[in-house]
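Peer 1:
There are 4 protein chains.
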Amino acid sequence: MTDRLRVGIVGVSGYGGGELARLLAGHPNVELTYVTSGTYAGKPLSAALPGVAKRINLTCEKFDVQTAIERCDLVFLAGEAGLAMEHAPALIAAGKPVIDLSADFRLKNPAHYAQWYKSEHKAQDWIDKATYGLPELNKEAIKASKLIANPGCYPTSAALALAPLLAADLIDRKSIIIDSHSGVSGAGRSKFGLDFHFSEVNESIKPYGVAGVHRHVPEIEQSLSQVAGEPVLITFTPHLSPITRGILTTAYANLKADAGDLQALFNTYYADAPFVVILDAGQFPATKHTEGTNYCHIGMAVDTRTNRVIVISAIDNLVKGAAGQAIQNMNLSCGFDETAGLTMAAVWP
Amino acid sequence: MTDRLRVGIVGVSGYGGGELARLLAGHPNVELTYVTSGTYAGKPLSAALPGVAKRINLTCEKFDVQTAIERCDLVFLAGEAGLAMEHAPALIAAGKPVIDLSADFRLKNPAHYAQWYKSEHKAQDWIDKATYGLPELNKEAIKASKLIANPGCYPTSAALALAPLLAADLIDRKSIIIDSHSGVSGAGRSKFGLDFHFSEVNESIKPYGVAGVHRHVPEIEQSLSQVAGEPVLITFTPHLSPITRGILTTAYANLKADAGDLQALFNTYYADAPFVVILDAGQFPATKHTEGTNYCHIGMAVDTRTNRVIVISAIDNLVKGAAGQAIQNMNLSCGFDETAGLTMAAVWP
Amino acid sequence: MTDRLRVGIVGVSGYGGGELARLLAGHPNVELTYVTSGTYAGKPLSAALPGVAKRINLTCEKFDVQTAIERCDLVFLAGEAGLAMEHAPALIAAGKPVIDLSADFRLKNPAHYAQWYKSEHKAQDWIDKATYGLPELNKEAIKASKLIANPGCYPTSAALALAPLLAADLIDRKSIIIDSHSGVSGAGRSKFGLDFHFSEVNESIKPYGVAGVHRHVPEIEQSLSQVAGEPVLITFTPHLSPITRGILTTAYANLKADAGDLQALFNTYYADAPFVVILDAGQFPATKHTEGTNYCHIGMAVDTRTNRVIVISAIDNLVKGAAGQAIQNMNLSCGFDETAGLTMAAVWP
Amino acid sequence: MTDRLRVGIVGVSGYGGGELARLLAGHPNVELTYVTSGTYAGKPLSAALPGVAKRINLTCEKFDVQTAIERCDLVFLAGEAGLAMEHAPALIAAGKPVIDLSADFRLKNPAHYAQWYKSEHKAQDWIDKATYGLPELNKEAIKASKLIANPGCYPTSAALALAPLLAADLIDRKSIIIDSHSGVSGAGRSKFGLDFHFSEVNESIKPYGVAGVHRHVPEIEQSLSQVAGEPVLITFTPHLSPITRGILTTAYANLKADAGDLQALFNTYYADAPFVVILDAGQFPATKHTEGTNYCHIGMAVDTRTNRVIVISAIDNLVKGAAGQAIQNMNLSCGFDETAGLTMAAVWP
């Protein structure tokens, strides 16, 4: 095992970190050598993640950047916001690539960061060195990057649904509406409170962050603007639905021209995207079809009565929306097969 | 109890019929005298509905229109499609008002019926005599009606969300998008199949009827056009979510003018609507807040970045979306208090 | 409304208190005049319980015993443990009967209280004045009582399942095993933490309090011993299941004699118990059949291969297991019809 | 890939067959070469299992035994009951080992088969040649076997919970009670009907097969009797719980002697069982800890008040209870590492 890449997970006891551990344990090219957790430091990983007992025999440690440098060839940051701004520079200086699952380096415009995250960005010099890790849009840049900002879950589902239409200049850029429903794991493991209490979430659907106030708005707009080559503003409504994993995004836009064969358009656009599944005409995705996997399923149709296109995407928010995409980014950055460790079928039913 | 209205439920073993039984059993002005079910004929009602044991001591019978006329003063039709077209004329001729929970008499244009329901309407003479039973739009007509077409669940949630905006001519009528998520009971009790198998529905969200093919589209458009005074076309996407009861509708439209105080606008519009709850600014509904009740909760906000209004409504699809609204219609038609039998708080959590 | 009983709910924002509000709002003999909540004091009740908007127009207040005495004829205590030990004496001295939903006065032996609740009982003089409010066992005492200790949820389901067998001396008292699965609302609204986080509870079943360490053990044994006329020790295993409401209890015991017609035995034993439904032979309960109601459904069978009887009961933990039973106790204590306000059919599906 | 074992799945579109496909696709020693389905014959596997799109590019075929012989080195039978009785002899005669997921060859006594399955066994000569595939009890026999009867889901969870206690002669063999709760996928994909309709299963727990009438009773007793060396009769109550995957079994027995250190006893008994996780004292399993994996988690405690031991086991009914165990059996029978293809961490949360 000496020639495997030694990787560390900072924040292994959160849902994103735990999912990294699950997936990396089965990855053919890496060895998991360092896992940190403030809550579980000193305890076996199975105390934090009962479903790894007898499979991953590691002990959680407190995060220490020097230890990470010594023990790892690459580090995933999956802990609280701000970790990457604080520690990525030292890790990268020591030759250790960083894949950051937080929002620290997602937004290219520091003013946007300040506006949406209500604080000044603390490592502005590094923003330009970071690559937004959505491989379906930025594959070549990711291959060359040592600091990868892993996208948010909603932005992944939204960008994949709309990019081909914007690239083909088929839709009115001012007409885009994105309606998303997420499972509760998207809120993370450290948020307790009534909003995530089983009795209050179960059997209920509710919106939140209505009318352009969710922090994923600028991130979605950044990706869509990149593809469109012009600024794109969207209306985005996230909802909380009583499932653990999964995001279903239903996106709407007015067509500017004849849509033609949309399935062909999408298949061509995603010809080099191993994790995007374009469904046949008349087929639509369900979140369960992607559960536990890094795949994004996309279906679409044109409402000919209103000349509007509807594109629907499904992902597992913890995999393609977080840990799986982070590993896909590692694969690209490290020269592994893009799909290494990520080809599992969905856990179904 | 001799001065109570004697009512019958045709199709009591379906979810709509069962809900009528639950609610009518607690209604102060009626006596339930006749319940029919093809599947459970000859068996106690508790065989079909285990949760009425010791509370409703009736036996299911096969439906017979003469028996209904003899035993009832008013009849709810909650069985299969077509019952009302076949039997409402005889019931009404015998002086028995009919409240029909099917789609038989919802559409005013028989061509629309033929187009969306794929068959000729069989009682076209009666279409004009039927009243579309959405009390918040048609209260006076309902009071005078003997044949009430109870609205569909999605159309109720959509019309209540958008009517005040159209009435005030605040939104672009071509910009309306309605995104709805429904619980599984909306599919009814007689649809088996994998689409409703617990293992395949659970933990999954999926769209269906995408791009203007759901039969509720013309019904929603009919209500919105009535309010707008002009034809309205919509884009509507229904989704199946893993809850038993509830519809959350998120409606989008472009503002034509300054929205002003939307809460005030909605509160004024619904001043005489006892079952509509307009939430304070910044508050949004959850389906669970309406569970088991006839109330519709509505919240709204303007996305100032895109000048779009988002209105979100929640109902229980089996109550305000079916049986409760039917009873509200009965109350109006029979001169009872509009809220009689329907003032319960939500079952929560 | 002047001749209605004025009642107060202390702790209205918890799940038990909220359920009291829901049920009392529809009770024909009472008027809800005082609701208290530490968290929501000063806010409308609908801030704590969104599903009462437009139905119950009360404001939450901070609890004050003098105000309770002034405003109420009877007080339900549904707040934290210890409230009844502290305040019931004053309320009763002022002529205000108390129905306490906590465990303060359930155990007749203060040594048991100290052992299981890890603190000395602070109102030992009042233990004998309190009546254990399980109407199916203690109806006459409840009618005469001014301090009623409302039973726990598991103890209700277990005692109702086993009482007829012990009363008839049919089972080996040393062989009783009680295996119960509860919905998450049983944990109450104030317990946050990962144990009740949707993502960790959902799709999971787990035991807790295994091997005689749950505080409901002595309460169950007290009821069963009362019926048996001799001490009864049990093995009890509670489990947390991913539903919001409901307890299913599966009880096992070795038969000492020919069981005969068990359905007849149970029906006779519960002849005066309006809320107990004995299912026909071969029929078994489901928690959903009792949802939102005060009814307990019971089914049973003999395993002739092992000469063991299995009795299975289902209740809604928040109704028959808490608020509904409290109202049943009020009805008895105040001379109302035992079923007043409690005859609703289950919310189903 | 030429030196991989070529394997076929008969009945790939059921839940057991689909799970075999999911797991075998990631197995390092096999190649999936033949998948059959009556329902989906002629269609891509992703039509039956949407979550394999772009991962498993096979077409479903109608089952034909000669084709299976030509295309496979080993065959999993996961279709309807009776397939193995009919086809296993020909497959084995052709040198193709068979792993049967049905109950055809589980019971060693043909009279038991006739009694519990209500029909004569049609291949009685082969019963003795079949090996009951519970590796933790029969590992050496499985290694030498060409016809493996894969255990039922409940029997796996029950036998693993109780075997160490019976082997150590610690419990009264007449006192065993097994109370199990299963997810709905255990009912299979071909059973439609209201019993598995989302709206009726959701939010409900219910027993079935009460009092020794479930077909898994003789299978459990056969395993326990084998370990005990004497006949063991049990009381077994299965329940349906609203989860998709998972079985939680809570087993009770009276201790005959001092239990000593139960964790040590279990750990010793399962020293060579890579998929059994014995939890530390005071820890208990949850079904979610095993989701998607072949692991069985076991916790236990002694109720010193009643001198009874309670052992609780959790498995994923589709993995350790079906497809995963079948692959474990293949691994043993074919000389692969016992854990090959089966070391994944649980999908959690």
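Line by line, the protein sequences give chains C, E, B and L. Take 1 as the starting number for the first sequence in UniProt numbering and just add one per residue. Take 1 as the starting number for the second sequence in UniProt numbering and just add one per residue. Take 1 as the starting number for the third sequence in UniProt numbering and just add one per residue. Take 1 as the starting number for the fourth sequence in UniProt numbering and just add one per residue. Quick reminder that beta carbons are idealized off the backbone N, C-alpha and C, glycines included.
Is the Cβ of M1(L) closer than 8 Å to any Cβ of chain C?
Peer 2: Here the model assigns M1(L) a pLDDT of 44, short of 50, so the residue's position is not dependable, and the following value carries that caveat. Not one chain C Cβ lies under 8 Å of M1(L).
Peer 1: Since I believe G16(L) is in contact with A323(L) (beta carbons under 8 Å), could you give me their beta-carbon distance rounded to a whole number of angstroms?
Peer 2: At roughly 5 Å, the Cβ-Cβ gap stays under 8 Å, so A323(L) and G16(L) are in contact.
Peer 1: Using 8 Å as the limit for Cβ to Cβ distance, is I127(C) near chain E?
Peer 2: It does not: the Cβ of I127(C) has no partner Cβ on chain E nearer than 8 Å.
Peer 1: Which residues bound the beta strand (DSSP E) around E31(C)?
Peer 2: First-last of the beta strand (DSSP E) with E31(C): 30-36.
Peer 1: Assuming the contact rule is C-beta atoms closer than 8 Å, A251(L) and I178(L) should be a hit. Round their C-beta distance to whole Å, please.
Peer 2: Sure, about 5 Å apart at Cβ, within 8 Å.
Peer 1: Under 9 Å between beta-carbons, which chain C residues line up against G209(L)? List them in chain order, please.
Peer 2: Going along chain C, no residue has its Cβ under 9 Å from G209(L), so there is no contact; the nearest lies around 22 Å.
Peer 1: Report the option in P218(B), S190(B), E291(B) whose CA atom is closest to the CA atom of Y113(B).
Peer 2: The shortest Cα separation from Y113(B) among P218(B), S190(B), E291(B) belongs to P218(B).
Peer 1: Kindly confirm or deny that the stretch 331-349 of chain B and the stretch 123-142 of chain B touch, where touching means at least three C-beta pairs closer than 8 Å.
Peer 2: Yes, since at least three Cβ pairs between the stretch 331-349 of chain B and the stretch 123-142 of chain B fall closer than 8 Å, the two stretches touch.
Peer 1: With G17(L) as the anchor, note down where its alpha helix (DSSP H) starts and where it stops.
Peer 2: From DSSP, the alpha helix (DSSP H) with G17(L) extends over 15-24.
Peer 1: I'd like to confirm the pairing. Which residues does DSSP put opposite G8(B) in its beta bridges?
Peer 2: In DSSP, G8(B) forms a bridge with Y34(B), V75(B).
Peer 1: Along chain E, which residues have their Cβ under 8 Å away from the Cβ of A301(C)?
Peer 2: Here the neighbours are V210, A211.
Peer 1: Beta carbons nearer than 9 Å to chain C: which residues of the stretch 11-41 of chain L have them?
Peer 2: Within the stretch 11-41 of chain L, the qualifying residues are Y15, G18, E19, A21, R22, L23, A25, G26.
Peer 1: Buried or exposed: where does S119(B) fall if 16 or more other Cβ atoms within 10 Å of its Cβ makes it buried?
Peer 2: When all chains shown are included, S119(B) counts as exposed.
Peer 1: Are the CB atoms of Q226(C) and L170(C) within a distance shorter than 8 Å?
Peer 2: Cβ distance not < 8 Å, so L170(C) and Q226(C) don't count as in contact.
Peer 1: If the cut is a Cβ gap below 7 Å, which residues of chain L does H289(C) touch?
Peer 2: Here the neighbours are P50, G51.
Peer 1: Would residue 395(E) count as contacting chain L if we go by Cβ distances under 8 Å?
Peer 2: Nothing can be reported for residue 395(E): it is not among the residues displayed for chain E, which extend from 1 to 349.
Peer 1: Pull the bridge partners of N109(L) from the DSSP assignment, please.
Peer 2: None, per the DSSP bridge assignment.
Peer 1: Shortest alpha-carbon distance to C72(B) belongs to which of E338(B), I99(B), M85(B)?
Peer 2: Out of E338(B), I99(B), M85(B), I99(B) has the C-alpha closest to the C-alpha of C72(B).
Peer 1: Quick one: list the residues of chain B neighbouring E203(E), beta-carbon separation under 9 Å, in chain order.
Peer 2: Neighbours of E203(E) on chain B, chain order: N202, E203.
Peer 1: Figure out for me which residue from F63(E), L107(E), D303(E) has the closest Cα to the Cα of L91(E).
Peer 2: Ranking F63(E), L107(E), D303(E) by Cα distance to L91(E) puts F63(E) first.
Peer 1: Looking only at its own chain, which residues have a Cβ that is under 8 Å from the Cβ of L194(E), when we skip the five neighbours before and after it?
Peer 2: So the list reads E200, once near-sequence residues are dropped.
Peer 1: CA-CA distance, A81(C) and D337(C)?
Peer 2: Rounded to the nearest angstrom, the two C-alpha atoms are 30 Å apart.
Peer 1: Select from W126(C), I312(C), L24(C), A326(C) the residue whose C-alpha is nearest the C-alpha of A158(C).
Peer 2: Of W126(C), I312(C), L24(C), A326(C), the residue nearest in Cα terms is I312(C).
Peer 1: What does the alpha-carbon distance come out to for the pair V35(E) and G133(B)?
Peer 2: If you take the alpha carbons of V35(E) and G133(B), they lie about 37 Å apart.
Peer 1: Would you mind stating whether R4(B) and A25(B) have Cβ atoms separated by less than 8 Å?
Peer 2: In this structure, A25(B) does not lie closer than 8 Å to R4(B) by Cβ.
Peer 1: How big is the Cα-Cα spacing for I148(E) and G18(E)?
Peer 2: Computed Cα separation, rounded: 19 Å.
Peer 1: Grouping DSSP H, G and I as helix and E and B as strand, with all else coil, what is H289(B)?
Peer 2: In the structure shown, H289(B) sits in a helix (DSSP, three-state: H, G or I).
Peer 1: Taking a cut of 9 Å between CB atoms, which residues from the stretch 236-259 of chain C lie near chain E?
Peer 2: Those residues of the stretch 236-259 of chain C that come within reach of chain E (Cβ to Cβ, closer than 9 Å) are F236, T237, H239, L240, S241, P242, I243, T244, R245, G246, I247, L248, T250, Y252, N254.
Peer 1: In terms of DSSP beta bridges, what is F236(L) paired with?
Peer 2: Per DSSP, I178(L).
Peer 1: Look at the alpha carbon of L233(E) and the alpha carbon of A163(C), and state the distance between them as a whole number of angstroms.
Peer 2: One C-alpha to the other measures close to 27 Å.
Peer 1: Counting C-beta neighbours from all protein chains within 10 Å, is the total for P28(B) 16 or more, i.e. buried, or is it exposed?
Peer 2: Exposed, since its Cβ has fewer than 16 Cβ neighbours within 10 Å.
Peer 1: What residues of chain L sit near G193(E), judged by a beta carbon separation below 9 Å?
Peer 2: Going along chain L in sequence order, the residues near G193(E) (Cβ under 9 Å) are F192.
Peer 1: Mind listing, in chain order, the continuous beta strand (DSSP E) runs of no fewer than 3 residues lying wholly within the stretch 194-248 of chain E?
Peer 2: Listed in chain order, the complete beta strand (DSSP E) runs (minimum 3 residues) inside the stretch 194-248 of chain E are 235-240.
Peer 1: Thinking just about the alpha-carbon of each residue, which of R189(E), H121(E), N267(E) is nearest to the one in T165(E)?
Peer 2: Just to set this straight, residue 165(E) is Leu in the shown sequence, not Thr. Selected option, being the one with the closest Cα: N267(E).
Peer 1: Within the 8 Å Cβ cut-off, does C334(E) reach chain B?
Peer 2: Not an interface residue.
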